[in-house]
Amino acid sequence: MAVLFANDRGWLLDSCSLINEGLERCFSVKKGFFRCRFSKRYYSLSRPRVAGRGGSDALSGGGLLNTEAPERDHLQARKKRKRKRSDLNQGELDAEAFHEKFRLLVLEGSQPLIQAGHHCGYLTEALHTEPTKQPPGHVCQLAALCDMAKQLLPVEDAENSYSSAREVTLMGEIYFLPPRSRFLLSDFTRLEPLVNSGEKFDLIVLDPPWENKSVKRSKRYGFLPSSQLKQLPVPVMSAAGCVVVTWVTNRPRHLRFVREELYPYWGVKLIAEWLWVKVTQTGEFVFPLDSPHKKPYEVLFLGRFCANSDSTTRPEECEIPDQRLIISIPSALHSQKPSLSAVLRPYIRHNAKCLEMFARSLQPDWTSWGNEVIKFQHNSYFTTESMDSERDALTDSSDTNQQVDAGTADTAAQQ
């Protein structure tokens, strides 16, 4: 179960289980039906990433020392916290004000959710586990494939229209596609297939590659300037009352940009701000809550697309609450956010059409776009096992035959 606990403050999520829900039954031409599991080692963060103050109380932001965070860094951080308020620049003052706005919510709101995690066994007592290893080397080949998407003509909408997941081969690599999922592998300049389809979505989730200095210096990850984000065709693809959700960094200029420029430009009214609070397996914040650099949370801005004045409000629209928390153990993989499908379901209509932009994975019943859109569908991130019984493997014969035919076509396309 993906949502382990919910109350009026938010939700406790098991992100790994949510991924697995769509891959319980996977089909391959060669292997028949089997199960896929996203490797739990990517969700095995047992210690905070930096040292916290005081004891190991999760709600005070404390924690065990990480051997990768030297003590001198912790001392330097403490010194910087002692700077006079008059020495702070405007950006730092804005960041401090935003943090104070949510600090009490995180402290008090996370407590019952974390306690529920301990009661159900999702969160545990102190662990002694080996650090998560880096992904295997052949994942680098996937990165090369994603880079190729920036140069090649975009592949037409890829789709798994079947009720079970499918194993497919793309450029010699194996990927698992969830049931009823569609994707477009392309970069920012090649969105035409998605736009020209004329489809209108009831929910659009964006995880933009925000520009920052460290990304520029490392040249490890791509980024998109804020000015180009405004050019995304969100209004064209939004149905009346579409819920638009954007992941935003904690940088004040990015928060201001979405609130004051991006959403107004798209015709989206901001109605709620949520926080994704990241905790370890023991329920501690991954960073000290009051750290001047890294915070244990990320921000979600939720709004509704305001269509033309002659459009009527949909009667099935449900009011989205403000200031809610999503608590979960984060993935060790860069930029792998938790799926929001389970927590957003009550606020969109039944059988809503959902789109994720800048996606790095696929979801059942969703359309996904990005130049890394199938990154985390690569078979290297999964373990597989045969079905427990032939009864589990049985399916409607026509569906099976269609999948076999599709698999044969895939094989022929590779030759």
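To convert, note that position 180 of the sequence shown is 180 in the UniProt record's numbering; the numbers rise steadily by one, no gaps. By construction, the Cβ of each residue, glycine as well, lies at the ideal position given by its N, Cα and C atoms. Predicted, not measured: the structure shown is a model, and the values here were computed from it.
Q. In three-state DSSP terms, what is ALA239?
A. In the sequence shown, residue 239 corresponds to position 239, counting from 1. Here ALA239 sits in strand by DSSP.
**Q.** the stretch 346-357 contacting the stretch 4-22, beta-carbon criterion three pairs below 8 Å
**A.** Judged by Cβ distances under 8 Å, the stretch 346-357 makes no contact with the stretch 4-22, as fewer than three pairs qualify.
**Q.** Close Cβ partners of LYS269 (< 6 Å) along its chain, the five nearest in sequence each way excluded
**A.** Counting from 1 along the sequence shown, the entry for residue 269 is found at position 269. Excluding positions up to five away in sequence, the list reads GLY303, ARG304 and CYS306.
Q) Hey, would you say GLN377 sits closer than 8 Å to LEU177, going by beta carbons? A) Locating residue 377 in the sequence shown gives position 377, counting from the first residue. Locating residue 177 in the sequence shown gives position 177, counting from the first residue. Yes; because the gap between Cβ atoms is below 8 Å, this pair is in contact.
Q: Give me the Cβ distance between PHE201 and LYS353, rounded to the nearest whole Å; I'm assuming they're in contact under 8 Å.
A: One-based indexing of the sequence shown puts residue 201 at position 201. One-based indexing of the sequence shown puts residue 353 at position 353. The pair is a contact, with the Cβ atoms about 5 Å apart (cut-off 8 Å).
Q. Just reading off the beta strand (DSSP E) that LYS101 is part of, what are its end residues?
A. Position 101 of the sequence shown, counted from the start, is the residue given in the question as residue 101. Segment 90-120 is the alpha helix (DSSP H) holding LYS101; no beta strand (DSSP E) there.
Q) Do you know offhand how far PRO252's Cα is from SER328's? A) In the sequence shown, the residue the question calls residue 252 occupies position 252. In the sequence shown, the residue the question calls residue 328 occupies position 328. Their Cα atoms are separated by approximately 24 Å.
(Q) Using 8 Å as the cut-off, can you tell me whether the stretch 246-262 makes contact with the stretch 224-236, which would need three or more C-beta pairs spanning the two stretches below that distance? (A) Inter-segment contact for the stretch 246-262 and the stretch 224-236 is present: three or more beta-carbon pairs are separated by less than 8 Å.
Q: Could you check what DSSP says for VAL286 in three-state terms: helix, strand or coil?
A: Within the sequence shown, residue 286 is the residue found at index 286, counting from 1. The three-state secondary structure of VAL286, taken from DSSP, is coil.
Q: For the stretch 316-350, list the beta strand (DSSP E) runs that are entirely contained and at least 3 residues long, ordered along the chain.
A: You should have 325-328.
Q) With 16 other CB atoms within 10 Å as the buried threshold, where does ALA97 fall? A) For this step, residue 97 is matched to residue 97 along the sequence shown. A residue is called buried once 16 or more other Cβ atoms fall within 10 Å of its Cβ, and ALA97, having fewer, is exposed.
Q. What is the DSSP secondary structure of ILE19, counted as helix, strand or coil?
A. Translated into positions along the sequence shown, residue 19 becomes position 19. The answer is helix: DSSP assigns ILE19 an H, G or I state.
Q: In the DSSP assignment, find the unbroken beta strand (DSSP E) run with SER181 in it and report its ends.
A: Locating residue 181 in the sequence shown gives position 181, counting from the first residue. That run of the beta strand (DSSP E) goes 181-185.
Q. Start and end of the alpha helix (DSSP H) containing GLU192?
A. For the purposes of this step, residue 192 is identified with residue 192 of the sequence shown, where counting begins at 1. Per DSSP, GLU192 is one residue of the alpha helix (DSSP H) stretching across 192-196.
Q) Do you know how far the Cα of LEU170 is from the Cα of ARG360? A) On the sequence shown, residue 360 is found 360 positions in, with the first residue counted as 1. On the sequence shown, residue 170 is found 170 positions in, with the first residue counted as 1. Cα to Cα, the separation comes out at about 16 Å.
Q) The alpha helix (DSSP H) with TYR297 in it runs from where to where? A) By 1-based counting over the sequence shown, the position of residue 297 is 297. Following the DSSP letters along the chain, one finds TYR297 in no alpha helix (DSSP H) but inside the beta strand (DSSP E) bounded by residues 297-305.
Q: Run the CB neighbour count on ASN7, radius 10 Å, all protein chains shown included, and call it buried at 16 or more, exposed below.
A: Indexing the sequence shown from 1 puts residue 7 at position 7. In the assembly as shown, ASN7 is an exposed residue. Its beta-carbon has fewer than 16 other beta-carbons within 10 Å.
Q) What do you get for LEU18, buried or exposed, if any count of 16 or more other CB atoms within 10 angstroms of its CB means buried? A) Sequence index remark: in the sequence shown, residue 18 carries index 18 (1-based). Buried.
(Q) If distances are taken between C-alpha atoms only, which option among GLU356, ASP187, HIS334 and GLU108 comes closest to ARG324? (A) Within the sequence shown, residue 324 is the residue found at index 324, counting from 1. Checking every option, the nearest Cα to that of ARG324 belongs to GLU108.
**Q.** Euclidean distance between Cα positions of SER386 and GLU24
**A.** Working through the sequence shown from its first residue, we reach residue 386 at position 386. Working through the sequence shown from its first residue, we reach residue 24 at position 24. When rounded, the separation of the alpha-carbon atoms in SER386 and GLU24 is 11 Å.
**Q.** Buried or exposed (CB count within 10 angstroms, at least 16 for buried), THR189
**A.** For the purposes of this step, residue 189 is taken as residue 189 along the sequence shown, with counting starting at 1. Residue environment: THR189 is assigned as exposed (fewer than 16 neighbouring CB atoms within 10 Å of its CB, all protein chains considered).
Q. Using the beta-carbon count (16 or more within 10 Å), is THR282 buried or exposed?
A. By one-based count along the sequence shown, residue 282 stands at place 282. Only buried fits THR282, as 16 or more other CB atoms lie within 10 angstroms of its CB.
Q: Would you kindly report the start and end of the unbroken alpha helix (DSSP H) that includes TRP266?
A: Within the sequence shown, residue 266 is the residue found at index 266, counting from 1. First-last of the alpha helix (DSSP H) with TRP266: 263-266.
Q: Just confirm the distance between the C-beta atoms of ALA165 and PHE382, as a whole number of angstroms; I'd bet it's less than 8 Å.
A: Here the question's residue 165 lines up with position 165 in the sequence shown. Here the question's residue 382 lines up with position 382 in the sequence shown. At roughly 10 Å, the Cβ-Cβ gap does not stay under 8 Å, so ALA165 and PHE382 are not in contact.
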